[in-house]
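Reading through the structure tokens given below for one structure.
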Amino acid sequence: MIPAQFDYVAPATLEEALNALSEHGDDAKIIAGGQSLLPVLRMRLNAPEIVIDLGKIESLRGVRDDGDAIVIGAMTPHAVVATDPLVEEHALLLHEAVQHLADAQIRHRGTFGGALAHADPAGDMGAPALALGAQFVIAGLGGTHTVEADEFFVDLFETAIGEDEILTEIRIPKHTGWGAHYEKFVRVAHQWPIVAVAAAVRAEGGTIAEARVALTNMGSTPLRARGVEEALAGQPATDDAVRAAAERATEGTNPPSDLNGDADYRRHLAGVLTRRAVLAAAGA
Ligand SMILES: Cc1cc2nc3c(=O)[nH]c(=O)nc-3n(C[C@H](O)[C@H](O)[C@H](O)COP(=O)(O)OP(=O)(O)OC[C@H]3O[C@@H](n4cnc5c(N)ncnc54)[C@H](O)[C@@H]3O)c2cc1C
36 MIPAQFDYVA PATLEEALNA LSEHGDDAKI IAGGQSLLPV LRMRLNAPEI VIDLGKIESL
96 RGVRDDGDAI VIGAMTPHAV VATDPLVEEH ALLLHEAVQH LADAQIRHRG TFGGALAHAD
156 PAGDMGAPAL ALGAQFVIAG LGGTHTVEAD EFFVDLFETA IGEDEILTEI RIPKHTGWGA
216 HYEKFVRVAH QWPIVAVAAA VRAEGGTIAE ARVALTNMGS TPLRARGVEE ALAGQPATDD
276 AVRAAAERAT EGTNPPSDLN GDADYRRHLA GVLTRRAVLA AAGA
């Protein structure tokens, strides 16, 4: 289908974009890579009067080192995140996960910030961002504020970004030297996961000193598997120990039932995929 008619602006600065957003309120929609928004407009699930394109705002792109964190601009395409050496060195989990997101064309158009702002519970970027304790920098006309990952994902397709605000960058605390793995379960290639598990592990010798684990598509938002993390701390990186910890993967989850699988099937997957992801992250 063809979208309903809308006006289009492509401001050159963040301030101009925020002014346009504030002027048009509910009638405006931000567009980043358009990989989620355009299908929504084409299906006429949303019909904004004006679309504000962030594509010309250079300050929203790129990856930089900021001491104990790396900072990824919201408009940085997935393909750049996938190949950036800082991401690979300090946020290996993100580097691993983004390789599994859709196909090469979508990774070139779609952006890291757009995927997180869209907050699809089946999206592949939420769980790694949550597991790594990302911080979300959000700008409004009154200034910027930072939201912790635990507070950012509010509900299905809903985040802490206000209607007149723009996500500008995402700070990822460095996890240098941590092992990482993203285990994604799909029926066909280049699809959203039925369930996926993001795991980062700091191993000392053969022991798991610390683990950070998060789940994709096991509720209305990405979820931290804190029970698994607790159970793993101080355990040997063996199949038995990790299998026992993975039994706690479903704690606090509320998986959907749909044509790809019912909630029980997803609970089963969460345990299996958690074991695989943690063992791979621990190098076992
Ligand atoms: C065929 C297909 C397969 C896909 N497969 C996968 C997959 O396997 N895994 C996966 O995770 N994703 C998948 N996607 C989605 C893809 O990752 C998108 O890139 C992503 O969801 C949205 O990023 P975008 O930059 O295109 O955002 P857009 O589509 O431009 O925007 C998405 C939403 O976020 C808002 N928004 C965007 N940027 C900002 C900002 N900076 N501040 C505030 N609000 C903002 C927009 O207003 C809009 O509501 C797929 C998409 C398609 C079309």
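Letter 136 of the sequence shown, counting from 1, is numbered 171 in our numbering, and no numbers are missing.
Idealized CB from N, CA, C, for every residue including glycine.
| query | result |
| --- | --- |
| Ile207: first and last residue of the uninterrupted beta strand (DSSP E) it sits in | 201 to 208 |
| Check: His153 C-beta below 7 angstroms from any heavy atom of ligand 1 | yes |
| Buried versus exposed call for Gln40 [16 or more other C-beta atoms within 10 Å across all chains shown] | exposed |
| Cβ distance (whole Å) where Arg206 is taken to contact Val182 below 8 angstroms | No, Arg206 and Val182 are not in contact; Cβ-Cβ is about 11 angstroms, not under 8 angstroms. |
| Bridge partners - Ile85, DSSP secondary structure assignment | Asp42, Ala63 |
| Cβ-heavy atom distance, Ser71 to ligand 1, below 7 angstroms | yes |
| Residue span of the alpha helix (DSSP H) that contains Asp190, given as start and end | Careful: Asp190 lies outside any alpha helix (DSSP H), inside the beta strand (DSSP E) at 188 to 190. |
| Proximal residues to Lys209 (C-beta, below 8 angstroms), its chain only, five neighbours per side dropped | Asp103, Ala104, Ile105, His125, Ala126 |
| Three-pair Cβ contact test at 8 angstroms for the region 156 to 176 versus the region 81 to 100 | no |
| Alpha carbon of Asp185 to alpha carbon of Pro291, nearest angstrom | 21 angstroms |
| Nearest-angstrom Cβ-Cβ length linking Ala281 and Gly306, presumed shorter than 8 angstroms | 5 angstroms |
| Sub-8 angstroms separation of Arg259 and Leu151 beta-carbons | no |
| Near ligand 1: Leu76 beta-carbon under 7 angstroms from a heavy atom | no |
| Cross-strand partners of Arg249 (DSSP beta bridge) | A quick correction: the sequence has Ala, not Arg, at residue 249. Ala233, Arg259. |
| Nearest residue (CA-CA) to Gln140, options Asp119, Val115, Gly240, Ala312 | Val115 |
| Distance CB(Arg247)-CB(Ala266) smaller than 8 angstroms | no |
| CB contact check: Glu51 to chain C, cutoff 8 angstroms | The structure shown has no chain C; it contains just one protein chain. |
| Beta-bridge partners of Arg99, as assigned by DSSP | Val106 |
| Leu129 vs Pro163 beta-carbon contact at 8 angstroms | yes |
| Proximal residues to Ile85 (C-beta, below 8 angstroms), its chain only, five neighbours per side dropped | Phe41, Asp42, Tyr43, Val44, Ala55, His59, Asp62, Ala63, Lys64 |
| Nearest-angstrom Cα separation, counted from Gly68 out to Arg75 | It is worth fixing the name first, because residue 75 is Val in this sequence and not Arg. Rounded to whole angstroms, Val75 to Gly68 spans 13 angstroms at the Cα level. |
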